[in-house]
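Quick note on numbering: the sequence shown equals residues 410 to 706 in my numbering. Quick reminder that beta carbons are idealized off the backbone N, C-alpha and C, glycines included. Note that the structure is predicted; figures quoted are calculated from it, not measured. Presented below is the structure to which this report refers.
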Amino acid sequence: MTRAPDILCIGSALWDVIGRSPAAMRAGSDVPGRIATVPGGVALNIAMALARQGLRPALLSVVGRDIEGDALIGLCDRLGIETAHLYRSDDLPTDRYMAIEGAGGLIAAIADAHSLEAAGAHILTPLIGGPLGDAETPYEGLVALDGNLTEALLAEIAVHPAMARADLRVAPASPGKAERLLPFLRAGRGTLYVNLEEAGLLCRDSFEAAEPAALALLARGAARAIVTEGGRPCCDATVEGAVTRKPPQVLVTRVTGAGDTFMAAHLAAERAGASREDALDRALETAARYVSGDLVP
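Quick look at the structure:
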């Protein structure tokens with residue numbers, strides 16, 4: 410019998426093209442630096458981080474039947490990420506993401522996730538029509554879900570009977586897609602992983618710190634909210650109370666993928682039985698090592 414995956418990672422799986430320079434940049438800057446092409450996408454970033462911790466994640470996404478897609482699947486297989494449930498499209502190319510990072514962090518980014526949006530509910534077929542689950546036998550494990558899916562599909566997931574028993578962990582992917590998570594506020598489902606800006610967009614407000622932002626998300630219907638703010642304290646809020654922890658101070662050398670690394674480390678810690686306090690500490694320490702360059706992606 411095939412062993413069930415430890416966690417499902419649903420959302421974007423693509424290639425990241427990242428340009429990094431130690432120089433301060435503004436619009437129109439032309440500076441020397443390094444350009445790398447690496448596997449990325451929120452769902453895949455989380456899956457890779459979980460695999461590094463010895464877990465067996467399964468990826469539900471769309472990958473084109475092109476050279477880029479074949480290379481991405483080959484890499485996933487080598488890392489121990491289950492790809493049997495991926496939707497392979499003859500017509501849709503493998504998605505891409507492009508970012509520029511400078512001395513001040515992220516300068517600009519463009520996410521081309523059009524294939525994921527076009528594939529829609531096709532990527533969920535293994536979860537809502539078997540072999541991972543269906544309406545009669547809902548999936549009962551952990552699910553890491555990202556906001557690169559359309560709001561309509563996210564709204565369907567929030568109330569779908571095939572996911573009624575799943576432990577949903579949801580991230581918006583970027584501030585520009587934060588409001589796609591509103592269906593989870595309305596349904597009172599899932600744990601939301603957002604930064605301070607994304608929390609403000611979901612609450613239609615602005616906040617000075619993570620704890621009031623997390624509590625405001627609860628007031629708007631969230632079952633649980635985890636709010637981060639870079640090097641400042643983050644907060645995990647539930648009806649049982651708020652837990653706040655401060656991240657280690659490190660020199661930041663990269664930012665793309667930091668939130669996904671945090672989320673994966675937090676998931677792994679809680680799956681291993683860590684308390685809310687310890688899970689936050691482990692996630693913050695792992696994310697700090699990642700942005701400092703000490704953790705090899």
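Burial state of residue i, where buried means 16 or more other Cβ atoms lie within 10 Å
i	result
residue 555	buried
residue 501	buried
residue 675	buried
residue 494	buried
residue 372	Absent from the structure is residue 372, since the part of the chain shown begins at 410 and ends at 706.
residue 492	buried
residue 512	exposed
residue 660	exposed
residue 635	buried
residue 421	buried
residue 510	buried
residue 586	buried
residue 499	exposed
residue 441	exposed
residue 431	exposed
residue 522	buried
residue 690	buried
residue 578	buried
residue 435	exposed
residue 437	exposed
residue 409	No statement about residue 409 is possible, as the shown extent of the chain runs from 410 to 706 and does not include it.
residue 504	buried
residue 410	The predicted position of residue 410 is uncertain, since its pLDDT is 38 and thus under 50; no value can be drawn from it.
Host alpha helix (DSSP H) of residue i (start-end)
i	result
residue 670	667 to 680
residue 490	Run containing residue 490: none; DSSP gives neither H nor E here.
residue 595	591 to 596
Limits of the beta strand (DSSP E) - the one that residue i falls within
i	result
residue 647	641 to 647
residue 691	Looking at the DSSP string, residue 691 is not in any beta strand (DSSP E); the run it does join, the alpha helix (DSSP H), is 685 to 701.
residue 650	650 to 654
residue 497	496 to 498
residue 469	466 to 469
residue 553	551 to 555
residue 577	576 to 580
For residue j and residue i, believed in contact at Cβ under 8 angstroms, the rounded distance
i	j	result
residue 657	residue 694	6 angstroms
residue 426	residue 507	5 angstroms
residue 637	residue 593	Rounded, the Cβ-Cβ distance is 17 angstroms, inconsistent with contact.
residue 607	residue 581	5 angstroms
residue 601	residue 631	5 angstroms
residue 456	residue 418	4 angstroms
residue 471	residue 558	The Cβ separation is near 10 angstroms, so there is no contact.
residue 451	residue 669	5 angstroms
residue 490	residue 460	5 angstroms
residue 574	residue 547	4 angstroms
residue 662	residue 702	4 angstroms
residue 596	residue 567	4 angstroms
Helix, strand or coil at residue i [DSSP, three-state]
i	result
residue 451	helix
residue 633	strand
residue 434	coil
residue 410	Below a pLDDT of 50, predicted positions are generally treated as unreliable, and residue 410, at 38, falls in that range; no measurement from the model is reported.
residue 571	helix
residue 621	helix
residue 418	strand
residue 427	strand
residue 512	coil
residue 560	helix
residue 585	helix
residue 479	helix
residue 607	helix
residue 456	helix
residue 565	helix
residue 484	helix
residue 663	coil
residue 461	helix
residue 627	helix
Residue i Cβ short of 7 angstroms to the ligand PLP heavy atom set
i	result
residue 596	With respect to the ligand PLP, the structure shown offers nothing to examine, as it has no ligands at all.
**OP:** Output the residue ranges of the alpha helix (DSSP H) runs that lie fully inside the region 516 to 540 and measure 4 residues or longer, sorted by chain position.
**Re:** Listed in chain order, the complete alpha helix (DSSP H) runs (minimum 4 residues) inside the region 516 to 540 are 523 to 528, 534 to 537.
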